[in-house]
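To start, the structure under review is shown below, and the notes come after it.
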Amino acid sequence: MFDISPTEWTAIQLSLRVATVATLVATPLGIGVAWLLARRDFWGKALLDALIYLPLVLPPVVTGYLLLLTFGRRGLVGAWLADHLGIVFAFRWTGAALACGIMSFPLLVRPMRLSIEAVDRKLEQAAATLGAAPWRVFLTVTLPLALPGVLAGMVLGFAKAIGEFGATITFVSNIPGETQTISSAIYSLTQTPDGDAAALRLVAVSIVLATGALVASEWFSRRALRRLHGN
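full-length UniProt numbering puts the first residue of the sequence shown at 1, with every later residue one more than the last.
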């Protein structure tokens, strides 16, 4: 029951790699978007807000299909990337990371935005009055104070990426050793005779990873708060 096979280990390691890359790439963009939504009013803000959260309400296969149309080998963007830069997303693990990053982006942005909105603007204004440039105010005042939300968003995004299935399997298929993550491996095992034991092992791994991510989020948040308050 607890003897994880090499194929299962491959799926676990691939899931961790995909989720890590998706989170690291999405985080800088997420911080920028969260700051923009929290600190700026502009035409089209409501539309941008809706587009960010659209993956949460669309069927995941719709997102995956749109990614295939856009970043596939013959897609609007994918064809240019493949021909000019040699970058291919479709049916590659990098495509799985792209799909996971897009699906997890709303959960990554939300805590960051709320944390930035909670930062007292008087502190930012005081730093600006002392001559700090806007970018310096953000890096030395806003971002450190919003750090708990940033960490929480990263962990939630990572956890979502670990469990992503619909968009990933639609965009990059279910290729063992290349695009078969934990979720798609479980799906394959449930369609296989005598695959229940292996599926249960991967389900257990998924639960452990998700629980660990939530515990880590709480630990990092408390550590950041203690540091910010000088305790």
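Every residue gets a Cβ at the ideal spot worked out from N, C-alpha and C, and that includes glycine. Note that this is a predicted model, so its numbers are computed, not measured.
I want to know whether the stretch 14 to 24 touches the stretch 150 to 166 - three or more CB-CB distances under 8 angstroms. Judged by Cβ distances under 8 angstroms, the stretch 14 to 24 makes contact with the stretch 150 to 166, as three or more pairs qualify.
By a C-beta neighbour count over all protein chains shown, 10 Å radius and 16 as the cutoff for buried, is residue 180 buried or exposed? With 16 or more other Cβ atoms within 10 Å, it is buried.
Is it buried or exposed, residue 42, if we count other Cβ atoms within 10 angstroms and call 16 or more buried? Under a 10 Å Cβ-count criterion, residue 42 is classified as exposed, with fewer than 16 other Cβ atoms of the shown protein chains found around its own Cβ.
6 angstroms CB neighbourhood of residue 169 in its chain, flanking five on each side removed: Result list for residue 169: 184, in chain order.
Suppose contacts are defined by Cβ-Cβ distances below 8 angstroms. Is residue 232 in contact with residue 164 by that definition? The requested residue 232 is not part of the displayed model; the chain covers only 1 to 231.
Three-state secondary structure assigned by DSSP to residue 3: The answer is coil: DSSP assigns residue 3 none of H, G, I, E or B.
Nearest candidate by alpha-carbon position, reference residue 188, set 136, 34, 174, 201: Considering only alpha carbons, the answer is 174.
Counting beta carbon pairs with one atom in the stretch 53 to 65 and one in the stretch 133 to 141, are three or more of them shorter than 8 angstroms? Segments in contact, no.
On the three-pair Cβ rule with 8 angstroms, is the stretch 117 to 133 touching the stretch 77 to 89? Segments in contact, no.
Roughly how many whole angstroms lie between the Cα atoms of residue 3 and residue 61? If I take the Cα positions, the gap works out to 33 angstroms.
Here's the rule I'm using: 16 or more other beta-carbon atoms within 10 Å means buried, otherwise exposed. How should residue 93 be labelled? Classification for residue 93: buried.
Identify whether residue 124 lies in helix, strand or coil by the three-state DSSP scheme. In the structure shown, residue 124 sits in a helix (DSSP, three-state: H, G or I).
What is the rounded straight-line gap between the Cα of residue 200 and the Cα of residue 182? Rounded to whole angstroms, residue 200 to residue 182 spans 11 angstroms at the Cα level.
Within the stretch 63 to 122, note down every full alpha helix (DSSP H) run reaching 4 residues or more, in order along the chain. Runs of the alpha helix (DSSP H) inside the stretch 63 to 122: 93 to 118.
Tell me whether the beta-carbon of residue 105 lies closer than 8 angstroms to the beta-carbon of residue 52. In this structure, residue 105 places its C-beta atom within 8 angstroms of the C-beta atom of residue 52.
Candidates 166, 78, 202, 217: which alpha carbon is nearest residue 99's? The shortest Cα separation from residue 99 among 166, 78, 202, 217 belongs to 166.
State the Cα-Cα distance for the pair residue 213 and residue 89, rounded to the nearest angstrom. Cα to Cα, the separation comes out at about 27 angstroms.
Straight-line CA distance for residue 119 to residue 145? In this structure, the alpha-carbon of residue 119 lies about 6 angstroms from that of residue 145.
What span of residues does the alpha helix (DSSP H) with residue 188 cover, start to end? 182 to 190 is the extent of the alpha helix (DSSP H) around residue 188.
Is DSSP giving residue 40 helix, strand or coil here? Residue 40: coil per DSSP, three-state reduction.
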